[in-house]
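Worksheet for the structure shown next.
Residue numbers (this note's numbering), protein chains in the order written: chain A, 15 to 145; chain W, 3 to 119.
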């Protein structure tokens, strides 16, 4: 047995199974691109508030980051849901862990979406290197 | 089911790397949220610039790279009829590709830390 999880026969589980594979392929491009740009070509030495402000002046990078955030977080939360399904069998603990996962996932998605969509450099702040 | 061979190890590593990446993603969303307070954001960057994190960052790249390559392998076995027949070759191709990409990348990422810039 070398494949991934067996393909479910239908319903939400089948949808989730396909979502993991499709989002996975898109994330390979988005995440490896992000890592190459932000962790290899530029490094944390160069990245600061001004760097992000210049980057998010472009709608392209905001869109890129927003799509990556949604796909990565939903992919990760659904992956952790599968892990909880496999290891947490007591009913009470299942309800608690799945509820906490859903809540934390929702809060993180909301925080990330808010900052990507509404980010604005404060008025009067000079952004180094910005035309 | 997995008989303790390549299949079991690649499955365990897929889970461990996935959970590690998700943990970092959660921290990363919180740190990016702090952009709302520019000076706090800039002050806290010392954390990511610390040599310990620079080394951890190399392992983050390893986790993402492994999870990506193993994900491709899973998709090949799931959707490509010949995938099952060649699963062992695909596994070894994955190991070779991982090392070919990860070793030079780590060198580039760590040289500013090890040799100064």
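From the three backbone atoms N, C-alpha and C, an ideal C-beta is built for every residue, glycine too.
In angstroms, rounded to a whole number, what distance separates the CA positions of residue 107/W and residue 79/A?
Counting from 1 along the second chain, the entry for residue 107/W is found at position 105. Counting from 1 along the first chain, the entry for residue 79/A is found at position 65. Using only the alpha carbons, I get a separation of about 22 Å.
For residue 96/W, count neighbouring C-beta atoms within 10 Å of its own C-beta (all shown protein chains included) and say buried if the count is 16 or more, exposed if not.
Position 94 of the second chain, counted from the first residue, corresponds to residue 96/W. Burial of residue 96/W is indicated by the presence of at least 16 other C-beta atoms within 10 angstroms of its C-beta.
Within the 8 Å Cβ cut-off, does residue 33/A reach chain W?
By 1-based counting over the first chain, the position of residue 33/A is 19. Cβ-Cβ to chain W under 8 Å: no for residue 33/A.
Classify residue 138/A as buried or exposed, calling it buried when 16 or more other Cβ atoms lie within 10 Å of its own Cβ.
Sequence index remark: in the first chain, residue 138/A carries index 124 (1-based). Per the 10 Å Cβ criterion, exposed.
If you compare alpha carbons, which of 64/A, 65/A, 48/A is closest to residue 81/A?
Position 67 of the first chain, counted from the start, is the residue given in the question as residue 81/A. Among 64/A, 65/A, 48/A, the Cα nearest to that of residue 81/A is on 48/A.
Are any of the Cβ atoms in chain A nearer than 8 Å to that of residue 100/W?
For the purposes of this step, residue 100/W is identified with residue 98 of the second chain, where counting begins at 1. Residue 100/W does not count as touching chain A.
Closer than 9 Å by beta-carbon distance: list the chain C residues that pair up with residue 87/W, in chain order.
Going by chain labels, chain C is absent from the structure shown, which instead holds the protein chains A and W.
Distance check for residue 18/A and residue 76/W, CA to CA, integer angstroms please.
Here residue 76/W refers to the residue found at position 74 when the second chain is read from its first residue. Here residue 18/A refers to the residue found at position 4 when the first chain is read from its first residue. Rounded to whole angstroms, the gap between the alpha carbons of residue 76/W and residue 18/A is 5 Å.
Decide if residue 87/W is buried, meaning its Cβ has at least 16 other Cβ atoms within 10 Å, or exposed.
Indexing the second chain from 1 puts residue 87/W at position 85. Residue 87/W comes out exposed.
Can we say the stretch 67-82 of chain W touches the stretch 88-101 of chain A, given the rule of at least three CB pairs closer than 8 Å?
no
Between residue 2/W and residue 113/A, what straight-line distance do the alpha-carbon atoms span, to the nearest angstrom?
One cannot answer for residue 2/W here, as it falls past the ends of chain W, which runs 3 to 119.
Please report whether the beta-carbon of residue 24/A lies at a distance below 8 Å from any beta-carbon of chain W.
Locating residue 24/A in the first chain gives position 10, counting from the first residue. No - not a single Cβ of chain W is within 8 Å of the one on residue 24/A.
Let me know if residue 117/A comes out buried or exposed under the rule of 16 or more other beta-carbons within 10 Å of its beta-carbon.
Looking up residue 117/A in the first chain gives position 103. So residue 117/A ends up on the exposed side.
Alpha carbon to alpha carbon, how far is residue 131/A from residue 39/W?
Taking the first chain and counting its residues from 1, one reaches residue 131/A at position 117. Taking the second chain and counting its residues from 1, one reaches residue 39/W at position 37. Using only the alpha carbons, I get a separation of about 16 Å.
Measure the C-alpha to C-alpha separation of residue 105/A and residue 45/W and round it to an integer number of angstroms.
As a first step, residue 105/A is located in the first chain; it is residue number 91 there, counting from the start. As a first step, residue 45/W is located in the second chain; it is residue number 43 there, counting from the start. Near 44 Å, if we compare the C-alpha coordinates of residue 45/W and residue 105/A.
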